[in-house]
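One structure is given below, encoded as structure tokens.
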């Protein structure tokens, strides 16, 4: 059996290595355009920031060592140019010699990945303009930085990679701005969560300009000096284009393989519409495991898992890849951000009857050094209490909250399934009732009517218009708002009628909930708790 | 409605506060023996170690502030002495005045907690002998330490609390030993995992003597100087008795409430055999949620969740507490330890057909600063692949692995449900294939026969007798063992017959797996991989 694999980074090498372990006697050959294989694409921003010191650490395997370890044959600098499905051959050209070779296959795996989008705009070829896709990109940017040439950078694209590069440049003393044509950074987060992160980026000194489309770049002496948008031009000696990626599938245009937006469509066995051709990694469409819809997940993690499944299928085993929840996590300046499952926006687009809560909670025992907060947004379906998704921000282990939720969504858990679980607790790690369980409890309480609240998104949309803000923080915290200590509330709020519209606001939300509970007992009928308190909605309230 | 709650630490205060939120007009009264309520029991070792600096941080609420916040009436220093179920009254004595009062109740909640076991041995009342149960215990020990009186401590009991105290004393420069009558420290871990931790404690300078029963204490001038066991006496100026706890239920002996080993038996609604009497926290027996058997979980986390459920039930809501998985986590010197679900030992006691794997895996991208290892043991049922439990050790976020597994067990996940999940990945947080997914893959591979291995426990039990150790580490690492680079293995191992019994050992297990795969293809029939490699089984192999 001859297996040809086109592409040799994450998905390609994983497929090849696993296949040889299943069938040592099969001929497995990787054809790959680049000189490197199997590099750590997700580590590139950290090489730029000198968090990862050595180039060598970015390379998981050299072609030679990989080949010896696995017995896979590797042809580097070899670009596939054509697939002939009838003849079952791949034509590829040796980029050094120009020599064309035809490789016959029994099974073909396409793992060609994706290249960064390079907009057809003036100036994108100037010096000082970088992508962040290959080790060479990161090495070039760091060299420029070490040569003192990077003082003022503009990053085009506010996704995870763009913001990770921003964080790493900032830590090296570079002035960093981010522009994005979308109305928010962090696609995959609800707007108010992305907005919160934009505020934290601003606190850290990174201006993020949303709704701002790149119009072109200007330079002097061949080097970039300005970024042009509809706003006034931005000075820059360095520009990083992180505007997304596009599958390298142009050479397959005439092959008759089913594609969607240039990406190969595969089934749960990673098989294309040709039963002898598989596609894995960034060039393949997978599914959203939750909605069943097509989803593109160009991530190192998916690539590795898809490669493994494809190899097992080709080897004759029963295996399937059920897709992704769109999980993501990133370390940004002073704040970690994570998500999985459906956002509120996405859940509404699915036509679901959605309920959500945003809770500000301790991330470990409040008295333990280094304790901080999680801002957790849970999204669920109202009637069934089916858990749909989470977004979480904080200085600590947001990945933990996300990972528990991945497992919950995979098992189609309801909020009730997530109540009262004895998650790991000791003061250095968590709180006595786990923050995720507390968030679930709050949401269930809201669904049951025990909490009547306004989400940060609803607040931003004007849901509290006509409401009087009442400060129920532990000590007065909101300028101009009447303050009441929750402990003092018994028969009501002196000066406020029982049918007054009152927005109860405290630091995190808990005091406001306790105040509402007492006020309801005292006959108050129109109180609302502001979820996330001044911690989440801080910029809306002048601080006392 | 009058509700009396006996006990005011975690479970009692939680029940009371929640109940008042549900029914503000009910009379809820806490009777509690101590002067403090609602303190952070789990934080005590960290106060001793000055990780938590201020006493005040140990106190979650004072009786006054709690009472004002919740409208719960609190009688401190008030010890319940009798429950008259027919009359529906509690008799309690004011410990200051000696005055006895009879309190009528409609519903009674028993949350009296548990006191430390004080063995009836000579010397246990000497100065320098401490418990670690209340703030007063921790304050006394820290005062002694700050007065320079604590130089050499012996901790009796190698459970989480004992070892947490050991860690905190060690960090303050105290010489620390631990004795435990059990054959291992860390009950709830399999012996080889506990043994690994004992080795790490020894590396850190803490000698742990297992199978060592306390026989008594000796002193001079009223202060402890020696710890007596069957071994030679141990010098000590400080002894911490952490030998377990016993529910404070003696006053209920004649009340006719069903008990098991002195602990109140309750149903999923936390109700005793008297429908008007509930029990929560350390004095109540709950269930093992996995096996359905009775289980005692005297933990702050369970106490809080039980209190919340009991309050909801009493308030008339539908709610249930389904019990615990026996989750635990602790920060020990240089190593964090976590577990949930069934150990291999416990699963075998349940009569299950058990399979396990021990894997040594990167805890985040290997090139990211601070990356370390997880040692993960997964336990599953062989035929069904039902996931049963996890034990995890490492320098990093073991709590994350545990928490995902809690969610998995709660949903009765199989290993297949845990494959190929897109858990959160970015280099600062995890690996491209999540370490838990990798461990699951290895176990599935073992079940399917793709990996033929010996667990550390089997190795310690002699399963590799008659096998030749082959060092297949990346560079030679085992003194006296023939070394082969996996890359060089193609047709076999020169000098070894194809039916030779070969134990393949590398640092973590992966190279050995690759070597086995190649050797099998070359016709070798009797190879075994040592799970966890020299990283887990290090003390068994002289290092080259």
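Chains as they are written, first to last, in this note's numbering: chain A, 5 to 548; chain B, 5 to 548. Positions of the beta carbon are idealized from the N, C-alpha and C atoms, including for glycine. Fair warning: this is a prediction, and the values are worked out from it, not measured in the lab.
Assuming residue i and residue j are in contact, meaning their beta carbons sit under 8 Å apart, how far apart are those beta carbons, in whole angstroms?
| i | j | result |
| --- | --- | --- |
| residue 274 of chain B | residue 313 of chain B | 6 Å |
| residue 555 of chain A | residue 506 of chain A | Shown here, chain A extends from 5 to 548; a query on residue 555 of chain A therefore has no answer. |
| residue 1 of chain B | residue 181 of chain B | Residue 1 of chain B is absent from the structure shown; chain B starts at 5 and stops at 548. |
| residue 391 of chain B | residue 412 of chain B | 5 Å |
| residue 184 of chain B | residue 216 of chain B | 7 Å |
| residue 8 of chain B | residue 112 of chain B | 5 Å |
| residue 229 of chain A | residue 218 of chain A | With 8 Å as the limit, residue 229 of chain A and residue 218 of chain A do not qualify as a contact, their Cβ atoms being about 15 Å apart. |
| residue 383 of chain B | residue 410 of chain B | Not a contact, Cβ separation roughly 14 Å. |
Compute the Euclidean distance between the alpha carbons of residue i and residue j, then round it to the nearest angstrom.
| i | j | result |
| --- | --- | --- |
| residue 521 of chain A | residue 455 of chain A | 8 Å |
| residue 283 of chain B | residue 270 of chain B | 7 Å |
| residue 487 of chain A | residue 72 of chain B | 17 Å |
| residue 426 of chain A | residue 407 of chain A | 16 Å |
| residue 527 of chain A | residue 502 of chain A | 6 Å |
| residue 1 of chain B | residue 190 of chain B | For chain B, the structure presents residues 5 to 548; residue 1 of chain B sits outside this window and is missing. |
| residue 305 of chain B | residue 289 of chain A | 43 Å |
| residue 221 of chain A | residue 128 of chain A | 6 Å |
| residue 405 of chain B | residue 318 of chain B | 35 Å |
| residue 531 of chain A | residue 485 of chain A | 15 Å |
| residue 309 of chain A | residue 252 of chain B | 53 Å |
| residue 55 of chain B | residue 16 of chain B | 27 Å |
| residue 324 of chain A | residue 422 of chain B | 13 Å |
| residue 96 of chain B | residue 77 of chain B | 15 Å |
| residue 562 of chain A | residue 6 of chain A | An answer regarding residue 562 of chain A cannot be provided, because it is not within the stretch 5 to 548 covered by chain A. |
| residue 479 of chain A | residue 381 of chain A | 26 Å |
| residue 226 of chain A | residue 130 of chain A | 6 Å |
| residue 428 of chain A | residue 193 of chain B | 15 Å |
| residue 385 of chain A | residue 449 of chain A | 14 Å |
| residue 542 of chain B | residue 510 of chain B | 10 Å |
| residue 326 of chain B | residue 37 of chain B | 29 Å |
| residue 431 of chain B | residue 371 of chain B | 8 Å |
| residue 20 of chain A | residue 70 of chain A | 10 Å |
| residue 108 of chain A | residue 92 of chain A | 6 Å |
Per the DSSP calculation, residue i is bridged to which residue(s)?
| i | result |
| --- | --- |
| residue 531 of chain B | B:506 |
| residue 366 of chain A | A:377 |
| residue 340 of chain B | B:335 and B:398 |
| residue 345 of chain B | B:393 |
| residue 3 of chain A | No information on residue 3 of chain A is available, as it lies outside the stretch 5 to 548 that chain A covers here. |
| residue 93 of chain A | A:88 and A:108 |
| residue 114 of chain A | A:10 and A:283 |
| residue 134 of chain A | A:244 |
| residue 382 of chain B | B:361 and B:394 |
| residue 418 of chain B | B:390 |
| residue 250 of chain B | B:119 |
| residue 101 of chain A | BP columns for residue 101 of chain A are empty, so no partner. |
| residue 457 of chain B | B:533 |
Exercise for the section: Determine contact between the stretch 375–385 of chain A and the stretch 475–485 of chain A, defined as no fewer than three beta-carbon pairs at a distance below 8 Å. Expected result: no
Practice task
Evaluate contact between the stretch 21–28 of chain B and the stretch 80–89 of chain B, counting only Cβ atoms and requiring at least three cross-stretch pairs below 8 Å.
Solution key: no
Practice task
Could you tell me whether the stretch 392–402 of chain A touches the stretch 519–537 of chain A, using the rule of 3 or more Cβ pairs below 8 Å?
Solution key: no
Handout entry: In chain order, each alpha helix (DSSP H) run of at least 4 residues that lies wholly inside the stretch 157–245 of chain A
Key = 164–175 and 195–208
Exercise for the section: Mind the definition here: the stretch 110–118 of chain B touches the stretch 276–293 of chain B only if three or more C-beta pairs lie below 8 Å; say whether that holds. Expected result: yes
Practice task
Would you mind listing the beta strand (DSSP E) stretches within the stretch 261–332 of chain B that are 3+ residues and don't spill past its ends, in chain order?
Solution key: 267–269, 281–283 and 288–291
Exercise for the section: Count the C-beta pairs between the stretch 158–172 of chain B and the stretch 239–259 of chain B that are closer than 8 Å, then say yes if the count reaches three, no if not. Expected result: yes
Exercise for the section: Specify whether the stretch 168–186 of chain B and the stretch 73–81 of chain B touch according to this definition: at least 3 beta carbon pairs, one from each stretch, less than 8 Å apart. Expected result: no
Practice task
Would you check if the stretch 440–454 of chain A and the stretch 349–367 of chain A touch, i.e. whether three or more CB-CB distances between them fall below 8 Å?
Solution key: yes
Exercise for the section: Starting from the N-terminal side, write out each stretch of the alpha helix (DSSP H) that is 4 residues or longer and does not extend beyond the stretch 29–70 of chain A. Expected result: 48–52
Problem - Given 8 Å, three or more beta-carbon pairs between the stretch 40–59 of chain A and the stretch 132–146 of chain A - result: yes
Exercise for the section: Evaluate contact between the stretch 192–208 of chain A and the stretch 337–353 of chain A, counting only Cβ atoms and requiring at least three cross-stretch pairs below 8 Å. Expected result: yes
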